[in-house]
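Here is the structure we will look at, set down as structure tokens.
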Amino acid sequence: MKKQSTSSDILIGVGLRHNHYEDALTRPKAIDFIEVHAENFFAEGGAAKAVLDQVAKQYAISLHATTLGLGSARGIPKQPLQKLRQLIEQSQPLLVSDHACFTWSSLQQDSNNEERFSPVHAGDLLPIAFNAETLDITVENVESVQQHIARQLLVENLSAYITPEGSTMSEVSFLTELCLRANCRLLLDINNLVVNASNANSADILGDVSGYIQQIPPQLVGEIHLAGCSPAQPGAPMIDDHSQPVPDIVWEGYRIALKHFGAVPTLVEWDTALPSWEVLTDEAAKARAIAEEVLSRDVA
Amino acid sequence: MTSHNQALQTQSALISAIYNQNNAHSESPGLMAYQRSLAANAKRALAISYPTISQLVGDGFSALSHEFLQDYPLTAGDWGEWGSELPLWLAGKTALTNYPYLSDCAQLDWFCHQSERAANVALDLESLSLLAEQDASQLEVVLASGVFLLASSHPVVDIWQAHQSSQQNDEATPALFAAAAQSIAAQKSQFALIWRPQWKAQVRVIDETEFLWLQQLLAKQPLTTALDNMSHTNFNFETWLPKALQAGLFCGIKPAN
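Protein chains in written order, with the working numbering: chain F, 9 to 308; chain Z, 3 to 259.
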């Protein structure tokens with residue numbers, strides 16, 4: 009089943025944040041695509057929109073959404089869907105993605121359990137239980153989104169800081185089944201695998217990451233995310249804050265993923281405590297070097 | 003989706019526990035992480051949309067954003083759209099009666115935020131020829147992106163300018179703060195115009211006549227009607243037009259709807 013790939017097939021990108029807008033436009037680097045958070049460009053006009061227009065002239069664009077909450081049991085409101093569709097029409101992205109999480113729900117009243125402010129957005133990516141009910145929900149939502157935006161969606165695995173009750177299947181089984189039923193593909197975030205294994209006090213984090221990767225049918229993965237995060241504070245979980253260089257264990261996981269999936273578009277994310285444009289793009293260059301090394305060996 | 007009762011309840015319970023942060027210390031580390039993240043995101047978003055209020059309130063801004071979030075949870079999904087209710091919410095806070103200008107300052111901040119997100123409007127100088135070619139009763143003035151007007155009983159523009167200057171570490175900041183304090187002491191009222199000539203929102207004080215004129219234009223009154231409604235004032239369209247063009251406030255003429 010393994011894809012036979014050549015190193016020239018692989019696309020390497022970086023996440024673009026406000027501090028790097030000017031650098032991305034005036035100091036182009038060897039980057040194949042730029043990924044932006046879709047919601048940062050939901051405004052009708054203004055400077056951000058103009059920047060995206062300019063960036064799209066120089067780089068292929070990947071739209072990474074955080075609003076949809078594809079596992080939301082109460083469904084996804086029309087407004088963010090419409091805005092995402094408009095943005096897709098404007099920027100003609102290479103990839104469009106969101107997360108296997110829920111974001112939309114209703115608040116319970118403390119006293120009588122009545123709903124208020126319906127729907128409310130979590131302002132974060134919240135974990136879902138992995139079972140037949142949530143699979144049906146997520147399949148239905150993904151199909152609805154894909155129908156609305158008239159293209160295939162990539163769905164990212166989450167870093168979760170609590171474990172919702174009611175799971176009857178593993179995350180990787182859930183995501184595999186989701187991709188097969190909804191005809192979407194997986195955006196595999198390797199740091200999220202590391203964070204989850206770390207927060208579960210795994211004795212063999214890389215072994216867990218490798219085991220997860222090996223269970224995914226290679227053709228289902230459409231993008232890989234690489235990132236680093238701050239160490240866990242005492243008494244708190246490790247938070248995937250995208251504030252650090254990609255750590256060695258994630259690079260090792262990337263090597264395993266490349267061997268299994270072949271040349272999958274790969275993105276380096278860095279969202280907080282941003283480094284210089286050079287440091288960020290050097291991380292992308294490192295990803296490319298590793299990919300070329302692994303994939304050329306694979307072909308040979 | 004109504005048949006998914008278990009998931010609906012589970013998800014509602016979790017989001018409610020995250021929003022309800024009153025018993026945060028008794029919760030699990032994971033839940034506390036989500037609660038901290040929500041509070042930090044809300045504070046960051048509100049500080050971006052309300053920079054003047056963030057500076058005016060100072061250390062109390064975390065508590066303010068937390069309390070506001072309890073009353074107005076995020077409903078649009080996009081933090082950039084969250085917080086429109088803050089000016090009215092502040093006006094209802096009896097603890098803030100010593101700062102009666104706070105609500106109007108918030109309104110000015112919000113208008114600036116909205117102005118910078120408004121749809122782009124391109125300058126169309128050729129459309130000026132319509133003034134000579136068509137009946138003015140069938141024409142409308144096209145203003146720049148994101149035009150808002152604010153009539154305040156407080157010197158909101160003076161306060162806004164002092165805090166803008168402070169953010170940019172401008173040398174004029176002490177003088178602007180002194181002027182704003184004087185204006186507050188003198189109970190000065192101001193008419194504010196907010197508009198966006200290019201990417202950054204601009205704010206300036208306008209007189210009541212221009213305020214009334216711009217109200218007509220925002221209401222999309224045909225040019226003749228707008229001018230007729232100004233006949234009791236000393237407003238002069240020929241004087242206003244070149245100044246508005248130079249300021250990037252006027253973008254063209256179009257047939258009235």
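Even glycine gets a Cβ: it sits at the ideal position worked out from N, Cα and C. Quick caveat, the model's predicted, so the values are computed rather than measured.
DSSP places residue 220/Z inside the alpha helix (DSSP H), whose first and last residues are 210 to 220.
Relative to residue 198/Z, the option among 237/Z, 244/Z, 239/Z, 145/Z whose CA is nearest is 145/Z.
With its beta carbon less than 8 Å from one in chain Z, residue 127/F belongs to the interface. Between the C-alpha atoms of residue 61/Z and residue 31/Z there is a straight-line separation of about 26 Å. The Cβ atoms of residue 107/F and residue 60/F do not sit closer than 8 Å to each other. Straight-line spacing of the CA atoms in residue 115/Z and residue 188/F works out to 43 Å. The criterion of a C-beta distance shorter than 8 Å is satisfied by residue 199/F and residue 258/F. When Cβ-Cβ separations below 8 Å define contact, residue 168/Z makes no contact with chain F. The C-alpha of residue 96/Z lies about 23 Å from the C-alpha of residue 162/Z.
71/Z is the residue among 6/Z, 54/Z, 71/Z whose C-alpha sits nearest the C-alpha of residue 38/Z.
Counting other Cβ atoms within 10 Å of its Cβ, residue 246/Z reaches 16 or more and is therefore classed as buried.
About 17 Å separates the beta carbon of residue 117/Z from that of residue 154/Z, a gap too long to meet the 8 Å contact definition.
A Cβ-Cβ contact shorter than 8 Å links residue 255/Z with residue 129/Z.
Contact of residue 114/F with chain Z is assigned, a C-beta pair being separated by under 8 Å.
Taken in chain order, the members of the segment 133 to 154 of chain F whose beta-carbon sits within less than 9 Å of a beta-carbon on chain Z are 134, 135, 136, 137, 139, 141, 142, 144, 145, 148, 149. The C-beta of residue 36/Z comes closer than 8 Å to at least one C-beta of chain F. Residues of the segment 120 to 136 of chain Z with a Cβ closer than 9 Å to any Cβ of chain F, in chain order: 120, 121, 122, 123.
Runs of the alpha helix (DSSP H) lying entirely within the segment 212 to 239 of chain F, each at least 4 residues long, are 213 to 222 in chain order.
Taking residue 203/F as the centre and dropping the five residues before and after it, the same chain places the C-beta of 167, 246, 248 closer than 6 Å to its C-beta, in chain order.
Against residue 88/F, the close residues of chain Z are 78, 79, 80, in the order they occur along the chain (beta-carbon pairs closer than 9 Å). Within the segment 158 to 177 of chain F, 168, 169, 170, 171, 172, 173, 174 place their CB atoms closer than 9 Å to a CB of chain Z, listed in sequence order.
Within a 10 Å sphere around the beta-carbon of residue 165/F sit 16 or more other beta-carbons, which makes this residue buried. In the DSSP assignment, residue 45/F falls within the unbroken beta strand (DSSP E) covering 41 to 45.
Judged by their CB atoms, residue 76/F and residue 153/F are nearer to each other than the 8 Å cut-off. Contacts with chain F at 8 Å (Cβ-Cβ) do not include residue 94/Z.
Residue 132/F carries a strand assignment under DSSP once its states are collapsed to helix, strand and coil.
Burial is judged here by how many other beta carbons sit within 10 angstroms of a residue's own beta carbon; residue 222/Z has fewer than 16 and is exposed.
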